[in-house]
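Numbering (the numbering used here), first residue to last: 5 to 55.
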């Protein structure tokens, strides 16, 4: 995983990965292996990553 910041498509905020809210992924992905990174301002999913 790179440390590049993510840009929120809803509110436009640039989010460092360390500042993103980590939640369980959608669908049938194993939550012990995958996490969703979400915008701390508006809550939209930015990216799903393997942990």
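C-beta: ideal position from N, C-alpha, C; glycine also. All values derive from a computational prediction rather than experimental measurement.
Note that the C-beta distance between residue 25 and residue 42 is below 7 Å.
One Cα belongs to residue 50, the other to residue 39, and the distance between them is close to 11 Å. Straight-line spacing of the CA atoms in residue 12 and residue 22 works out to 14 Å.
A straight-line Cα-Cα distance of about 16 Å links residue 14 and residue 52. Comparing alpha-carbon positions, the option among 55, 7, 8 and 16 lying closest to residue 33 turns out to be 55.
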